[in-house]
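In the working numbering, the protein residues as written are 615 to 651. Ideal Cβ positions, reconstructed from N, Cα and C, are used throughout, including at glycine.
So this is what it looks like as structure tokens:
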């Protein structure tokens, strides 16, 4: 059970990181688009 919890936590951490990366990427692309137009 303890190992399962750690695995779940790791997945959550990766999911959160992926979400933050996506938000950062969207902001970056949005910034480039607004500069270009």
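Query: Backbone CA spacing between residue 629 and residue 615 [nearest angstrom]; Result: 21 Å
Query: Rounded C-alpha distance that separates residue 642 from residue 625; Result: 25 Å
Query: Interface flag, residue 641 vs chain D, CB-CB below 8 Å; Result: Of the chains in the structure shown, none is chain D; there is only one protein chain.
Query: Same chain, Cβ closer than 8 Å to residue 577, five either side skipped, listed in chain order; Result: This structure gives no information on residue 577, because the portion of the chain shown stretches from 615 to 651.
Query: Host alpha helix (DSSP H) of residue 622 (start-end); Result: 616-650
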